[in-house]
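Quick note: to get my numbering, add 95 to the position in the sequence shown (first position is 1).
Note that beta-carbon positions come from the ideal geometry of N, C-alpha and C, so glycine has one too.
It should be emphasised that the depicted structure is a prediction, and the values quoted were computed from it without experimental measurement.
Working notes, structure below.
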Amino acid sequence: MRVYNFAAGPSTLPLEVLERAKAEFLDFAGTGMSVTEISHRDKAYEQVVKGAEALVRELLGVPDDYAVIFVQGGASTQFAAVPLNLMHSGSADYIVTGNFAKKAWQEGQIYGAAHKIGDSSDKKYAYIPDLNALNYTEGADYVHITSNNTIFGSRYAEFPKCAAPLVADMSSEIFSRRINVADFGVIYAGAQKNLAPAGVTIVIAKRSLIGEPLKICPTMLKWKVQDENGSLYNTPPAFSIYMAWLVLENLKAKGGVKAMEEVNNYKAQLLYDFIDNSKLYKNNVERPYRSVMNVPFVTDSEELDAKFIAEAKKAGLVSLKGHRIVGGMRASIYNAMPVDGVKALIEFMKKFESENA
96 MRVYNFAAGP STLPLEVLER AKAEFLDFAG TGMSVTEISH RDKAYEQVVK
146 GAEALVRELL GVPDDYAVIF VQGGASTQFA AVPLNLMHSG SADYIVTGNF
196 AKKAWQEGQI YGAAHKIGDS SDKKYAYIPD LNALNYTEGA DYVHITSNNT
246 IFGSRYAEFP KCAAPLVADM SSEIFSRRIN VADFGVIYAG AQKNLAPAGV
296 TIVIAKRSLI GEPLKICPTM LKWKVQDENG SLYNTPPAFS IYMAWLVLEN
346 LKAKGGVKAM EEVNNYKAQL LYDFIDNSKL YKNNVERPYR SVMNVPFVTD
396 SEELDAKFIA EAKKAGLVSL KGHRIVGGMR ASIYNAMPVD GVKALIEFMK
446 KFESENA
């Protein structure tokens, strides 16, 4: 029996995609083999990696002068790859709005002067700093942001306008809302939150920025090398790319990013409206910066939070426990979470409140 999975990652995937993957698992594209068995050099697999790249370009409107590559190591590896590919002058700016943004900044300090020009830790990352009040470093190689805060549940309502190339970790919201890729120098995203099983990370990078990585950059982290080899420099995370391809095809069939953005806004509004009008639940993120993908909330006590999580699981609503840093509950309502799943959660929250408030 399927449950509603509100995990932050690895997260739920579209049922249609899982069913297709199941049907093709023993015999992919008439090869008589699973997609997990065939060589990444096989022509049958070529349609997967090229098809996935083409769909990323189409769905996000990626300009022709940008590379689209699929790499390994998760978004956390890109915390190092960013400065190793871009920090030529030894200086970069970071806006720290959550746990992963902080980790990216800390990694950047290893390779040069990583300036923290914005920080919202004073209010437990419940807001995004005023972008008009930031003091950008003259001559910085890039400005790094994390567009959506998976743990604390905040996001950028708009993006910085800066002279240096803007680099964005979009792991937990990519393909959930429309963006103008040309406003960014680099976008990267671990797939396991909103796109595919863990194992693959998408990097979208303006080619004029990645032609000369630092000399100390390992070959496997050189975006230029991956781009020149069509993401096939070595054996890639073949199954994760295959699943991303299926998810992207499914997204296109549902109307693309614009249609998904409308559904996501509707789901989030339903949940936030209920929380805001509740006597038991509370969301601590400042309203203009509330995430549409990750909705944390708490009750009046840790004991009641634990009871909520346990009873929700029995009701088929799983993975609602908040991150260990924050506690409480968190509902991750990514693209693949249906409206009915959010409505089921709200109905359970109503029942639990009536019995425990």
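DSSP, read as helix, strand or coil, puts L412 in strand. With distances taken between CA atoms, P260 lies nearest to N180 out of G325, N180 and M315. DSSP places K211 in the uninterrupted beta strand (DSSP E) bounded by A208 to D214. Residue pairing from DSSP leaves I441 without any beta-bridge partner. Under the criterion of beta carbons closer than 8 Å, G248 and V390 qualify as touching, at roughly 6 Å. Counting only the Cα atoms, S449 lies some 55 Å from M315. For the pair A162 and Q321, the CB atoms are nearer than the 9 Å cut-off. In the DSSP assignment, K319 falls within the unbroken alpha helix (DSSP H) covering W318 to E323. Under the DSSP assignment, T172 falls in the alpha helix (DSSP H) whose first and last residues are G169 to L181.
Within the same chain, and ignoring the five residues on either side of H418 in sequence, the residues whose Cβ sits closer than 6 Å to its Cβ are I246. Residue pairing by DSSP places A102 opposite no residue, since no beta bridge is assigned to it. Sequence-distant Cβ neighbours of V177 in its own chain, meaning closer than 6 Å and more than five residues away, are V262. Distances from the alpha-carbon of A147 to those of I164, L110 and I133 put I164 closest. With 16 or more neighbouring CB atoms inside 10 Å of its own CB, A187 falls in the buried class. Each residue's CA atom was taken as its position, placing A221 and N372 some 19 Å apart.
The beta-carbon distance between G285 and G436, rounded to whole angstroms, is 22 Å. This is too long to meet the 8 Å contact definition.
For the stretch 251-335, the full-length beta strand (DSSP E) segments reaching 3 residues or more read 261-264, 281-285 and 296-301 along the chain.
Beta-carbon to beta-carbon, N345 and E111 are separated by about 6 Å, close enough to satisfy the 8 Å threshold. Here DSSP, grouped into helix, strand and coil, assigns N360 to helix.
Under the 10 Å beta carbon count, F120 is surrounded by fewer than 16 other beta carbons and is classified as exposed. With respect to the 9 Å criterion, I212 and T232 are classified as neighbours on the basis of their beta carbons. Beyond the five residues adjoining it in sequence on each side, K197 comes within less than 8 Å, by CB distance, of V191 and S216 in the same chain, given in chain order. K409 and I311 have their C-alpha atoms roughly 52 Å apart. Just measuring C-alpha positions, the residue of N100, T296, M128 and S171 sitting nearest S335 is T296.
For K377, the three-state secondary structure derived from DSSP is strand. G325 and I240 have their C-alpha atoms roughly 27 Å apart.
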